[in-house]
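Report on the following structure.
Protein chains in written order, with the working numbering: chain R, 1 to 425; chain U, 1001 to 1172.
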């Protein structure tokens, strides 16, 4: 199954604008929606937001009135698309319930990208951050209970994604220098790698923005604290992922790749959606995006004299991006990589970091005086007699992360203990 | 006697550095780039380690700490680049310095106390001129896109280092 948007016909731009009632779509039923329909809605909202932000940034960096006009036209349509997608989320889906959906997107999207990624280094980039979003899901799931939501996190995830500790959030806080990775090059990288990276940057950026703006909605100080702590990690994740993008592309090449990416993703959603009403929206937006892509390609040919077909794949995209359960894969990643720590652009076992590494200093700075991501679990234990986990495939694959495991044996804690002993000595 | 030895060593380093800069300016093969970039980083980190042990000048010590940090970063970027499909088939970097850089480190270690800071600064100017030349030539004409990207990303940092160590040398 392949898809080449360059060979398809879209809807002419002047026919793409919709009236207010067409945009104000009826939301899904939060108690009835399939978890991966919710995931696709959250996800495609993030993709549209990136399209809009990228277009605005381009407009701010060009003096060409013709380009600005074209960007403004397409961007207004992208704004309408974003509303039609995001307004599918109902008003009675609370911030914390929606947050569980966001983290399920982060986990199952990143896992799929990691599994499909052809480059071994970039696979490590995905696997590294995957375990962090996986841990965020667990922390927020415990918070959801404490907030008296009235339903469990597994009601949101549908049991398709396990909920248990990943690499614990308190260890995600690291010196900003260690969030930068090695970029790929458009010339030599596989198109799948390029599409994967544009996709994950958009998704993580949306999560970062969501926590930045919604994290202050709860009244409970612990909830507010947890949101701000994890929002800071999402800043790290956006930095981590955007640093794998080729930084040398022209604005027009970047625009074409974004439009191509949107075509691939709407086509993917259309292929995999089970809700007919929502699938019709994906189909409509795909037809719009095909025209956006054609317009961007035409601009590049005219302005730069470069034919985008020279760098886009002749066969199109081979597979649709798919939201699906990744339980076995996640357990494998946990076993292999839970002790990884970044050192500049590389990943090493945390025990291999030098004793004077900046990671330890940064940890001391931010983790002094209480850590919300730990406090939320402690409070859940105190109020409910244990932690909230949703596990379907047996014990946690890492013994020291089991609820009653020997936590002191977790590699990060052992390294911290070695640090403390050195300081005392 | 010590002054004479320092002078001979300085001339030896300068001749070696000038020749190397010319060689670096024509490096366009991936294997050659990886070898020279890796050795350059290893030399910088080792030289800075000697400077931190021997110098009492705050400006020299600050420079040395910066070199360790920045050249560890560039070493890690090169290693990460070599983990990618884009560099498949490129030879791994050597695990030891070449004779010329080993000799430079020996000269640095042997420098008299009075001339140590000056020797470090002189070597730093030579080494960064060579590395800037390597990065510039490979970024412009290198045969591997991923390694060209490494060179392109590293060059501005190395050029700032060069300006910094020239300023340091002028202050000593």
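Glycine included, C-beta positions come from ideal geometry on N, C-alpha and C.
Q | Those runs of the alpha helix (DSSP H) which lie wholly inside the stretch 1081 to 1134 of chain U and span at least 4 residues | A | Counting whole runs of 4 or more residues, the stretch 1081 to 1134 of chain U contains the alpha helix (DSSP H) stretches 1099 to 1110.
Q. Rounded to a whole number of angstroms, what is the C-alpha to C-alpha distance between residue 213 of chain R and residue 397 of chain R?
A. 35 angstroms
Q. Where does the unbroken alpha helix (DSSP H) through residue 210 of chain R begin, and where does it stop?
A. Residues 191 to 214.
Q: Measure how close the beta-carbons of residue 449 of chain R and residue 220 of chain R come, nearest whole angstrom, since I'm counting them as under 8 angstroms.
A: Nothing can be reported for residue 449 of chain R: it is not among the residues displayed for chain R, which extend from 1 to 425.
(Q) Could you compute how far the alpha carbon of residue 2 of chain R sits from the alpha carbon of residue 351 of chain R? (A) About 44 angstroms.
Q) Taking DSSP as the reference, what is the three-state secondary structure of residue 342 of chain R? A) strand
Q: Identify whether residue 349 of chain R lies in helix, strand or coil by the three-state DSSP scheme.
A: strand
Q.
Within 9 angstroms of any Cβ in chain R, is that where the Cβ of residue 1080 of chain U sits?
A. For residue 1080 of chain U, the nearest CB of chain R lies under 9 angstroms from its own CB, placing it at the interface with that chain.
**Q.** Whole-angstrom distance between residue 409 of chain R and residue 353 of chain R, CA atom to CA atom
**A.** 17 angstroms
Q) Any idea what DSSP makes of residue 390 of chain R, helix, strand or coil? A) strand
Q: For the alpha helix (DSSP H) containing residue 152 of chain R, list its first residue and its last residue.
A: Segment: none, residue 152 of chain R is in no alpha helix (DSSP H) and carries neither H nor E.
Q) What are the start and end residues of the alpha helix (DSSP H) that includes residue 421 of chain R? A) Counting along the chain, residue 421 of chain R sits inside the alpha helix (DSSP H) bounded by residues 411 to 424.
Q | Contacts that residue 189 of chain R makes with chain U (C-beta to C-beta distance below 9 angstroms) | A | 1084, 1085, 1086, 1145 and 1146
Q | Collapsed DSSP secondary structure at residue 317 of chain R in the structure displayed | A | strand
(Q) Do residue 237 of chain R and residue 208 of chain R have their beta-carbon atoms positioned less than 9 angstroms apart in this structure? (A) Closer than 9 angstroms, so yes.
Q: Step through the CB atoms of chain U and report whether any lies within less than 9 angstroms of the CB of residue 197 of chain R.
A: no
Q: List the residues of chain U that residue 345 of chain R touches, going by C-beta distances under 7 angstroms, in chain order.
A: Within chain U, the residues near residue 345 of chain R are 1076, 1077 and 1080.
Q: Just the chain U side, please: which residues come within less than 8 angstroms of residue 119 of chain R by C-beta, in chain order?
A: By Cβ distance, chain U contributes 1084, 1085 and 1086.
Q: Determine the closest residue to residue 162 of chain R out of R/129, R/195 and R/133, with distance taken between C-alpha atoms.
A: R/133
**Q.** Residues within the stretch 1052 to 1069 of chain U neighbouring chain R, beta-carbon criterion of under 7 angstroms
**A.** none
Q: Express the C-alpha separation of residue 1086 of chain U and residue 1028 of chain U in angstroms, rounding to a whole number.
A: Whole-angstrom Cα-Cα distance: 16 angstroms.
Q. Using a Cβ cut-off of 9 angstroms, which residues of the stretch 162 to 187 of chain R contact any Cβ in chain U, in chain order?
A. Cβ contacts with chain U: 177, 180, 181, 182, 183, 184, 185, 186 and 187.
Q. In three-state DSSP terms, what is residue 11 of chain R?
A. Residue state, collapsed to three classes: coil.
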